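>
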C-alpha cells in the first residue's frame, strides 16, 4: 500500500506564459492534486523591458514615451503620473485648461482600460459576447484619442507643464455624445452578466481578500476597494482637476471577485460623470505653462560629459531655478485604472533622472495571486487573474 | 426480398444519410458563426462565396490539406485511433433515428438504448485522445470529460425513462407514433421536467457551453484535442457537431413528436397536413441546434465542481421525481 501511495505524485502544470488566459506573459506554476491547487508560484520577468534603467539615460521628455509602454491599456494615466512627478520636482504650475483636459483624458483612459478588463475577464470565464461589445465601445474612445493625440494606444500626450495640443469642439461634441450613450452600454454588459446565474456562481464568494489582507498586501485601486477599503488617490491627494469635479468612490463589501467586478462597473459610471463635468467646466486659456520647462538637448551627446549637462531653462524665472536646487527627490502618484501608480524620481540637477522607480500596481497585485489561488480549483485561477486586472508590461518594467 | 436486395438498399440508404449528414454538419458550422456573429454584432463569414456560403467547403479543403502534426512523444496508435472512435460513435447513432414515417436505416426495438449506448462510446475517443497526447492539459481535459460524460449520461438516461413509460417502447418510431395519439401530439407537455433535464444533460453530453469544460480554452488551452491538428482535429469537430444533431434529433423524437405535428393543429389548419413530415422534423431539430448556438452566445462557463453538483444534485433527483410522477399517473390511468 505504501508503495502505491508513493507513486501518487502531484501534477505540476505551467499556466503561461503562452496560455491564452494568463494576460501578457505571466507564468504560474501550479501544483495540482486533482483539480485543486496545492501551490501556486507566479513568475514574471519575460519582458526584460528595463524602463526604469533606460530612463536614466534619457532626458525627462524623452522618458515620457517609455511610460506609455508600461501599462499600454492606460498610457494616458501613466503619462499624467510621470508629468506630475516632474512638475512637482521643478515646481511648475499647470494651467487650468490643461488640468481639465488631462483629467478628462485620464478618465477616458480608465474607461478604455476597464473595457478591456471586462472584455477579457468575461472571456476568461467563457462569455465571449461581452468581449465584442466592450471592444466596440472602446473603439469609439480610441478614435477620439487618435483625433487629439494622433495615436490610439501609446499616446504620449501630456507634457511637463500641460498638454501637447489643445482639444477642439468636434472632439468635445463627440465625447459628450459618448457620455450620453455610455451608461446604456454599461447596462447592456450588466444584463449579460449581472443576473446571469452562471456568472454569479463563478464569482460570488470566490477569491476573497479581506480588508485587512488587502491593506497588508499593499493592494490599491478597485482591487482594494472591492474589499471595502476607502482609498483613492484622486480623493486623498487630488491632482489635476479632481478636486473641482464631483464623483464618488464605489466600494465593495466581501472582497470577492464579484465585488471587484461591481466596483469597476460602478467606476465606469463615475468616470463617465467626471468626463461630463470636465467638458462642461472646461475653461479657456493656455494649455502649457508659460515658463514650461524646455530642456535643451545636447547638440552631440558624444562630445559632452554626462555629468556636465544641467537644467537649462529658457525662462529666466529665478523661482524655478531655486526650486530645482531645492528638490532632489520626489514621489508623486496617480490613480491608474489598476491602482496607485507612483513615480519616484531622484534628480541630480542634470537633464536626466538620476534614478527613476515606478510603483506599479500590477506588480503588487501579482504578488497576491498565490494567496488567492491556493486551495481553489484550476478554473478559479483564471477568474482570479482576471479579477485583479494585471498588465504584465507594467509588472515587469 | 432477398438478402442481397436488403443489403444493397441499406448501403444506399446509409450513403444518402451520410451525405446529407455531412452537409448538415458543414453548414452547422457556418450557421453557428452567422448566429453568433449576429449576437455579437459582427458579420460572420462573408468572403468565400455569396454571404460566405462556400466557407464550410473552403474550411474542409483547408483542414484536409493541412500538415498533420503528431508530437514526438505521443502514443501514436491510440493518438490516431482516438478521433476515429469519437467520429464512428457519433455517426453510428444515426442508424436508428427515423426522420419521417418509415425513413430509417434500421428500425430496431431497442433504438433508444442503442443511441444512448453508442453515444457513450464517444467518450472513449476523448479519454484516449487526452491520455495519448502526453500533455498535461490534454490529460486533464480527458479526465474531466470522462467524469462529465458519466455523470450526465445517467441524468440523460433517467430523463428519457418518463418517455419510455408513456410510449411503452424503446423503438423510436413507436415513440413518435404514440405521441400522435394524444390531441396535443407531443410528450413535451406531460414530460416537461424530463425535457428540461434532457436539454441540460444534452448540452453537457455534447460539451457545449455552459458545460464545455473538457475543452475550456481559457483553462486547459483546448483540453483533450490540444495536440491535434489538421484532419484529425476536424474529426473531433465533426464528432461534436454530429453529437449535437443526434441529441437534437433525440429531443425531437422523444419530446417534440418527431415528424408529426399535434392533431389539434391539423384539425384547425388542415393544409398543414400536406407539408412533408421530414420538414417538421428538420425544423424541430434546427430549433434545438439554434438553442445550442444561442446559449453559446450568452452564457459563461461553469466550474468543474459546479458542473458535477448540477448533474448529481439537481438533474438526477429531478429526473427521478419525473419518473415517479409519470409512474403514478400511468398506474392510475
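Protein chains in written order, with the numbering used here: chain A, 11 to 407; chain B, 26 to 358.
Every residue, glycine too, gets a C-beta built ideally from N, C-alpha and C.
Quick caveat, the model's predicted, so the values are computed rather than measured.
#1: In the DSSP output, what is residue 168/A paired with across the bridge?
#2: Answer yes or no: do residue 234/B and residue 50/B have a C-beta to C-beta separation smaller than 8 Å?
#3: Does DSSP classify residue 71/B as helix, strand or coil?
#4: Can a CB atom of chain B be found closer than 8 Å to the CB of residue 125/A?
#5: Check residue 195/A in the structure and name its three-state DSSP category.
#6: Kindly indicate if chain B contains any beta-carbon less than 8 Å away from that of residue 148/A.
#7: Which class does residue 269/B belong to by DSSP, given the choice of helix, strand or coil?
#8: Per DSSP, what are the beta-bridge partners of residue 342/A in this structure?
#9: Just grab the DSSP bridge partners of residue 49/A for me.
#10: Which residues, taken in chain order from the region 261 to 287 of chain A, show a beta carbon closer than 8 Å to some beta carbon of chain B?
#11: Alpha carbon to alpha carbon, how far is residue 310/B from residue 379/A? Give it in angstroms, no decimals.
#12: Strictly below 8 Å CB to CB, what residues from chain A border residue 64/B?
#13: Apart from the five residues just before and just after residue 217/B, which ones in its own chain have a Cβ nearer than 6 Å to its Cβ?
#14: Taking 8 Å as the threshold (C-beta atoms), are residue 176/B and residue 337/B in contact?
#15: Using 8 Å as the limit for Cβ to Cβ distance, is residue 31/B near chain A?
#16: When you check each C-beta in the region 304 to 332 of chain B against every C-beta of chain A, which residues fall closer than 9 Å?
#17: Identify the continuous alpha helix (DSSP H) that holds residue 130/A and give its terminal residues.
#18: What residues from the region 208 to 237 of chain B come within 7 Å of chain A, judged by C-beta to C-beta, listed N to C?
#19: Output, in chain order, the set of chain B residues within a Cβ distance shorter than 7 Å of residue 135/A.
#20: Which residues of chain A have a Cβ atom closer than 7 Å to the Cβ of residue 161/B, listed in chain order?
#21: When the distance is taken between beta carbons, is residue 92/B closer than 8 Å to residue 302/B?
#22: Looking at the ligand NAP, does it come within less than 7 Å of residue 240/A, judged from the CB to the closest heavy atom?
#23: Apply the 10 Å Cβ neighbour rule to residue 236/A and answer buried if 16 or more other Cβ atoms are within range, or exposed otherwise.
#24: Under three-state DSSP, which class holds residue 369/A?
#25: Shorter than 8 Å from the beta carbon of residue 67/B to some beta carbon of chain A?
#26: Pop quiz: residue 263/B and residue 79/B are said to be a contact at Cβ under 8 Å. What is the actual Cβ separation, rounded to whole angstroms?
#27: Cutting at 6 Å between CB atoms, please list the residues of its own chain near residue 69/B, excluding the five before and the five after it.
#28: So, is the C-beta of residue 357/B closer than 8 Å to a C-beta in chain A?
#29: Checking contacts by CB at 8 Å: is residue 382/A closer than that to chain B?
#30: Return the CA-CA distance between residue 127/B and residue 306/B, expressed in angstroms with no decimal places.
#31: Just how far apart, CA to CA, sit residue 171/A and residue 249/A?
#32: According to the neighbour-count rule (16 or more other Cβ atoms, all chains shown, within 10 Å of its Cβ), is residue 320/A buried or exposed?
#33: Based on the DSSP output, what are the partners of residue 128/B in its beta bridges?
#34: If you draw a straight line from the C-alpha of residue 105/B to the C-alpha of residue 161/B, how long is it?
#35: Verify whether the separation of the beta carbon atoms of residue 184/B and residue 347/B is less than 8 Å.
#36: Under 8 Å between beta-carbons, which chain B residues line up against residue 4/A? List them in chain order, please.
Short version:
#1: 173/A
#2: no
#3: coil
#4: no
#5: helix
#6: no
#7: helix
#8: 353/A
#9: 41/A
#10: none
#11: 46 Å
#12: 139
#13: none
#14: yes
#15: no
#16: 321, 322, 323, 324, 325, 326, 327, 328, 329, 330, 331
#17: 106 to 135
#18: 234, 235
#19: 325, 326
#20: 21, 23
#21: no
#22: Although the ligand NAP was asked about, the structure shown includes no ligands whatsoever.
#23: buried
#24: strand
#25: yes
#26: With a Cβ gap of about 18 Å, residue 263/B and residue 79/B do not count as contacting.
#27: 58, 59, 62
#28: no
#29: no
#30: 13 Å
#31: 13 Å
#32: Model confidence at residue 320/A stands at a pLDDT of 43, short of 50, so the residue's coordinates are unreliable and nothing is read from them.
#33: 125/B
#34: 18 Å
#35: yes
#36: Nothing about residue 4/A can be read from this structure; chain A reaches only from 11 to 407.
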